[in-house]
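Last residue of the sequence shown? That's 1387 in this note's numbering, and every number before it is there in order.
Built from N, CA and C at the ideal position, the CB exists for glycine as well.
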Amino acid sequence: MENNLEQAFQAKIDREEKIEPKDWMPEAYRKTLIRQISQHAHSEIVGMLPEGNWITRAPSLRRKVALMAKVQDEAGHGLYLYSACETLGINRDTLYEQLHDGTAKYSSIFNYPTLTWADIGAIGWLVDGAAIMNQVPLCRCSYGPYARAMVRVCKEESFHQRQGFEILLTLSKGSDEQKNMLQDAVNRWWWPSVMMFGPSDKDSPHTARSMNWKIKRFTNDELRQKFVDVCYEQAKVLNVKLPDEDIKWNEERGHYDFGAIDWDEFWQVVKGNGPCNKQRVAARKKAWDDGAWVREAALAHSNKRSERLKNKKVA
Ligand code: FAQ
């Protein structure tokens, strides 16, 4: 019986039909989606922190308004993604608990500090750029609610990428000090952005199955390569050097070769030992604790309202 259901499920995926919340699905598919979508939602919310750090110090009103809008967009992405995740039968409080107690991951990239204004540009260009590369294919993910959430997220992310690039382009035409600030930010954000795509395919335990289920449409290494190819050309426009001595065009492959990734650094950051991991989780826990009175007030209001409605019905 289970076998037949599984075959019908896979056939549906192979026909490029979407799986919806009430459809039968293997437990492992459900768990994989909860893991990936919740990690993604947490990343959006934690990702607000390094950028939020610069709202009060943005160099002009125009930059401040754009940055505030971007950070708000990330909150919105987190909310769509938590909602998509809840359709798989897990509630939001449990998801938050998993973030706070460290059982759920979020993207390694948000454990690095934002030291100068150029870092805000570098996040837009490189981090949003990497996010788009990874997320556009997720618009075709086999799970309907996730795929639909990603359509809007991607539209907004591409705008974020452009605002980041424009910040850097402005710096690239500025004083020597501004040009140095730009180069320094790219030096620090390049490799963590390249790592964002996850472990290389040979060390990625989930990729093969997720490709078969059409949750993922490309492997981590395929997406990483596309990212490097695109960024190399964009770096020329910014007149900035990517901090990789080994990056060069490979005629045979039709791609840029690039240097070795420091996987030890990646896993250290994923395991909680990056420069800002503790600070990020502490900030999220504090926000949760500080919001307790709002949750209590909202609950008291909704209990009162249902009581009133019940009394009305009885009368
Ligand atoms: N950081 O076998 P795989 C954004 C973990 S949103 C931490 O390859 P999978 C927007 C992985 O969970 C950025 N952990 O796993 C924004 C797994 O651990 P587990 C987030 C990582 O799932 C911009 C283990 O390693 N985007 O930036 C990372 O098939 C600016 C083995 O890995 C998404 O989440 C990492 N980088 O592929 C916001 C996109 N990479 O669970 C603010 C959706 C891997 O076994 C400002 N997610 N791990 O303990 C995905 O596409 C996939 O989940 C991957 C990982 C590609 C991230």
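Extent of the continuous beta strand (DSSP E) run through residue i
i     : result
K1320 : K1320 to N1322
D1329 : H1327 to D1329
Near the ligand FAQ: residue i beta-carbon under 6 Å from a heavy atom
i     : result
K1177 : yes
P1098 : no
H1112 : yes
R1107 : yes
D1191 : no
P1199 : As written in the sequence, residue 1199 is Val, which differs from the Pro given in the question. For the ligand FAQ, at least one heavy atom lies less than 6 Å from the Cβ of V1199.
M1268 : yes
G1236 : no
E1337 : no
V1342 : yes
T1291 : no
N1206 : yes
T1188 : no
A1203 : yes
T1128 : no
K1279 : Note on identity: in this sequence residue 1279 is Thr, with Lys being the wrong assignment. T1279 Cβ: within cutoff of the ligand FAQ.
S1265 : no
E1116 : yes
P1347 : no
S1276 : yes
S1282 : yes
P1209 : no
E1146 : yes
G1119 : yes
P1271 : yes
S1374 : no
S1214 : no
S1388 : Absent from the structure is residue 1388, since the part of the chain shown begins at 1073 and ends at 1387.
S1244 : no
S1155 : no
S1230 : no
S1247 : no
S1035 : Residue 1035 lies beyond the residue range present for the chain, which begins at 1073 and ends at 1387; the question has no answer from this structure.
Opposing strand residues paired with residue i [DSSP bridges]
i     : result
I1091 : Y1215
Run of the alpha helix (DSSP H) containing residue i, from where it starts to where it stops
i     : result
R1107 : E1099 to V1118
R1129 : Premise fails: R1129 is in no alpha helix (DSSP H) and is neither H nor E.
E1074 : E1074 to D1086
K1358 : N1349 to D1362
D1334 : From DSSP, D1334 is part of no alpha helix (DSSP H); its letter is neither H nor E.
Those runs of the alpha helix (DSSP H) which lie wholly inside the segment 1226 to 1306 and span at least 4 residues: 1248 to 1267 and 1279 to 1284
TODO: Please go through the segment 1137 to 1222 and give each complete beta strand (DSSP E) segment of 3 or more residues, from N-terminal end onward.
DONE: none
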